[in-house]
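**Student:**
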Amino acid sequence: MSNKPLNIGDQFPNFEAQTNVGRIDFYDWMADSWAILFSHPADFTPVCTTELARVAQLMPEFLKRGVKPIALSCDTAESHNAWIEDIKSYAKLSSFDYPIIADNKRELAVKLNMLDKDELSAEGIPLTCRAVFVIDNKKKLRLSILYPATTGRNFDEILRVVDSLQLTQTKSVATPADWKQGGQCMVLPSVQAADVPKLFPKGIETIEVPSGKSYLRITAQPQI
Ligand code: BEZ
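In this note's numbering, the protein residues as written are 4 to 227.
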């Protein structure tokens, strides 16, 4: 097993794993979708419960973007299924529609470098941190974030990043601070002035700055 840290742009490794809904081959499970794999320290913990509930509520938003969520927690599939009943009750969900990987032996947590040496189980074994991997439909890692166990994630932010990743992979723009779907975008520094009319028929605005350099170029969000 490799535990070399993954970098953005790396091929995300395939794996087989037990989940609460049976055994999966990760690539087969993804099929032609994007995926978000997010890990948890343990079942029946408060912050994790709020996170799994939030992702269940946001399922339509993930699916609209062609993204399949999958969680990982270091307990058994039986434990996950019992916990899911608590999550559904907590968030008043009628169903829970994405799988949770049962990594009770921590094999995947080691392989994907997700263990937090400062966060120990009751038995003194390192737990997983809150990792987020966004993997595209070519199985490439597009985003990786690590949070400590004591900080729950903001899944609206993860959706925002997915929107940016999916926009900027085909259009010659980057998304600025606090950008949201439909907001103004920045023209990529690599775009030559001569190519602007062809790439941005609706025009761009160049903000003047004391340096006199023309790098702050703003445009309306292009249609994907
Ligand atoms: C939680 O999910 O609430 C949690 C889990 C492990 C450590 C700290 C918080």
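C-beta atoms are modelled at their ideal positions from N, C-alpha and C, and glycine is treated no differently.
Computed from a predicted model, the values in this text were never measured in an experiment.
Pop quiz: ILE221 and GLN187 are said to be a contact at Cβ under 8 Å. What is the actual Cβ separation, rounded to whole angstroms?
**Tutor:** Sure, about 5 Å apart at Cβ, within 8 Å.
**Student:** From the DSSP output, which residues share a beta bridge with GLU208?
**Tutor:** For GLU208, which the question treats as bridged, DSSP gives the partners ILE221.
**Student:** From the DSSP output, in three-state form, read off GLN169 for me.
**Tutor:** Three-state DSSP puts GLN169 in a helix.
**Student:** Compute every distance between the C-beta of PRO44 and the non-hydrogen atoms of the ligand BEZ, then say whether any falls below 7 Å.
**Tutor:** Yes, Cβ of PRO44 sits closer than 7 Å to a heavy atom of the ligand BEZ.
**Student:** Is it true that the region 120-134 meets the region 143-153, where meeting means three or more beta-carbon pairs spaced less than 8 Å apart?
**Tutor:** A contact exists between the region 120-134 and the region 143-153.
**Student:** Quick one: Cα of ILE90 to Cα of LEU115, how far?
**Tutor:** Near 26 Å, if we compare the C-alpha coordinates of LEU115 and ILE90.
**Student:** Measuring CA to CA, which of ASP13, LEU170, LEU111 and LEU66 is closest to PHE29?
**Tutor:** If we check each option's Cα against that of PHE29, LEU111 comes out closest.
**Student:** Just to check, is the beta-carbon of ALA56 closer than 7 Å to a non-hydrogen atom of the ligand BEZ?
**Tutor:** No, the beta carbon of ALA56 sits no closer than 7 Å to any heavy atom of the ligand BEZ.
**Student:** Which residues in the same chain as GLU208 place their Cβ atom closer than 6 Å to its Cβ, once the five residues preceding and following it in sequence are excluded?
**Tutor:** Contacts found: ILE221.
**Student:** Is THR131 near the ligand BEZ - that is, is its Cβ less than 7 Å away from at least one heavy atom of it?
**Tutor:** Checking every heavy atom of the ligand BEZ against the Cβ of THR131, none is found closer than 7 Å.
**Student:** Roughly how many whole angstroms lie between the Cα atoms of MET117 and ARG145?
**Tutor:** So the two alpha carbons sit approximately 17 Å from each other.
**Student:** When you compare each of ASP78, THR79 and PHE99 to ILE87 by their alpha carbons, which one comes out closest?
**Tutor:** Of the listed residues, the one whose Cα sits closest to ILE87 is PHE99.
**Student:** Which runs of the alpha helix (DSSP H) fall wholly inside the region 30-74 and span at least 4 residues, in chain order?
**Tutor:** The qualifying runs are 49-60 and 62-67.
**Student:** Put ILE227 into one of helix, strand or coil per three-state DSSP.
**Tutor:** If DSSP states are grouped into helix, strand and coil, ILE227 belongs with coil.
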